[in-house]
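Numbering (my numbering), first residue to last: 38 to 425. We put the CB at the ideal spot given by N, CA and C, even for glycine. The block underneath contains the structure these notes are about, expressed in structure tokens.
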Ligand SMILES: Cc1cc2nc3c(=O)[nH]c(=O)nc-3n(C[C@H](O)[C@H](O)[C@H](O)COP(=O)(O)OP(=O)(O)OC[C@H]3O[C@@H](n4cnc5c(N)ncnc54)[C@H](O)[C@@H]3O)c2cc1C
């Protein structure tokens, strides 16, 4: 192991810090309140080559890995962007870029990857369905072959960016679950154009992160050319699993990133605010809960780095990404909760932002994988029987 400073990582940190200073808490408070997409921030990420971080140079990318992406995301989150540090990168620059890079045809790579790297194309990822929930193998959206096209019918829920994304990678069944030997068979991924008139998108009013919309998506007889199949027909499950590892690493970075942002803000406040003739930070009842959470975030961030290293080496990393995600989320939530406590009643005021970070960080225990599902995976790895 080598923990010496890597010049590339330092450069990514300093670039992310500069962006986060420009797009700081006041910017996100306004975007959240107005429910506006942050196009100028998105463009700034493109100018810094962050959308193409994971892509090969031949497609306009920076040819780096999840280690660098994790550092970029955590720094953006921690230095002022909060959840937006991960949110605006994880779906297109993370999942879609990885899926198309690893499983796309040459034509798909040429069509989509340079645009992703340039920040000109936004992808949504359509996995969740109300009827299937966490049990993705039960997705009921069908893609039936008709000549050289697939015809899609079904409903998706919570699909982030689907109101504005040009494309979606959608999880469908090309063979119904009751006709396959294993539940993982018969699932196929397709790249669809979102401007199809047979697609209807309806935003779900939500608790936080309102600088993007997450929507229900209804598909009725949507015709998709067969060349838009991503990977092999019926074998999409394994491509999806490969795309989920970067997502877990991204959410681990969000957990510790938002947590560190809240802690830094609370430390400043606790050094200034005096109630009984001394800064409140001198009371260990204030400082220790925050410090304990901070120490846990530090260890969770190390696990994220290990998971990213394994991922970048092409090694199996499902266990490590789940451990990193589960621990980073718990530590991050605790850090924001205790930081909010340090603000007393003012933690409830929008002007201090910590209430917004509280709303944001709580998403990380629900998505992309719930904490229970992450622990299901970990507990099976250490020998417990599975719960599904
Ligand atoms: C803001 C937001 C954005 C999102 N963006 C996207 C997106 O872009 N694309 C997308 O596809 N999805 C997206 N999602 C969906 C998200 O991934 C799901 O909500 C999540 O996976 C949980 O599914 P569910 O809500 O149906 O919960 P359910 O499956 O109904 O589960 C309910 C509860 O039961 C628990 N549970 C279920 N089974 C077990 C078990 N075997 N053991 C222990 N506990 C269990 C779950 O952990 C959960 O706590 C988003 C969600 C939100 C809130």
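Query: Which two residues bound the contiguous beta strand (DSSP E) that contains residue 191?; Result: 186-197
Query: Taking only three categories from DSSP, how would you classify residue 163?; Result: strand
Query: Nearest to residue 273 by alpha carbon, out of 356, 206, 55 and 61?; Result: 206
Query: Taking 7 Å as the cut-off, is the beta-carbon of residue 425 closer than that to any non-hydrogen atom of ligand 1?; Result: yes
Query: In the DSSP assignment, find the alpha helix (DSSP H) that holds residue 361 and state where it starts and stops.; Result: 355-379
Query: Distance, Cα to Cα, residue 251 vs residue 241?; Result: 6 Å
Query: Select from 85, 103 and 44 the residue whose C-alpha is nearest the C-alpha of residue 345.; Result: 103
Query: Measuring CB atoms only, is the stretch 184-203 touching the stretch 157-175, in the sense that at least three cross pairs come out at less than 8 Å?; Result: yes
Query: For a test of your reading of the model: does the CB of residue 287 fall under 7 Å from any non-hydrogen atom of ligand 1? Yes or no.; Result: no
Query: Take the Cβ of residue 225 as the centre, count every other Cβ of all protein chains shown within 10 Å, and call the residue buried at 16 or more, exposed below.; Result: buried
Query: Considering residue 325, what are the terminal residues of the alpha helix (DSSP H) in which it resides?; Result: 321-349
Query: Taking its Cβ as the centre, do 16 or more other Cβ atoms sit within 10 Å of residue 360, making it buried, or is it exposed?; Result: buried
Query: By how many angstroms is the C-alpha of residue 288 removed from the C-alpha of residue 369?; Result: 11 Å
Query: Of the residues 97, 144, 132 and 407, which one's Cα is nearest the Cα of residue 106?; Result: 132
Query: Can the beta-carbon of residue 211 be found closer than 8 Å to that of residue 220?; Result: no
Query: Regarding residue 377 and ligand 1, is the C-beta to nearest heavy atom distance less than 7 Å?; Result: no
Query: Which residue marks the beginning of the alpha helix (DSSP H) containing residue 183, and which one marks its end?; Result: Unbroken run through residue 183 is the beta strand (DSSP E), 179-183; no alpha helix (DSSP H).
Query: Is it a yes or a no for the stretch 46-55 touching the stretch 64-78, going by three-plus beta-carbon pairs under 8 Å?; Result: no
Query: Helix or strand or just coil, what does DSSP make of residue 49?; Result: helix
Query: Kindly indicate which three-state DSSP category residue 255 falls into: helix, strand or coil?; Result: strand
Query: Between the alpha carbons of residue 329 and residue 401, how many angstroms are there, rounded?; Result: 20 Å
Query: How would you label residue 62, buried or exposed, when you count the other beta carbons within 10 angstroms and need 16 or more for buried?; Result: buried
Query: What are the start and end residues of the alpha helix (DSSP H) that includes residue 300?; Result: 273-309
Query: Would you kindly report the start and end of the unbroken beta strand (DSSP E) that includes residue 151?; Result: Taken as a continuous stretch (DSSP letters only), residue 151 belongs to no beta strand (DSSP E), being part of the alpha helix (DSSP H) at 143-154.
Query: Taking 8 Å as the threshold (C-beta atoms), are residue 209 and residue 238 in contact?; Result: no
Query: Among residues of its own chain, excluding the 5 on either side of residue 478, which ones have a beta-carbon nearer than 7 Å to its beta-carbon?; Result: For the chain, the structure presents residues 38 to 425; residue 478 sits outside this window and is missing.
Query: Does the Cβ of residue 410 lie closer than 7 Å to at least one heavy atom of ligand 1?; Result: yes
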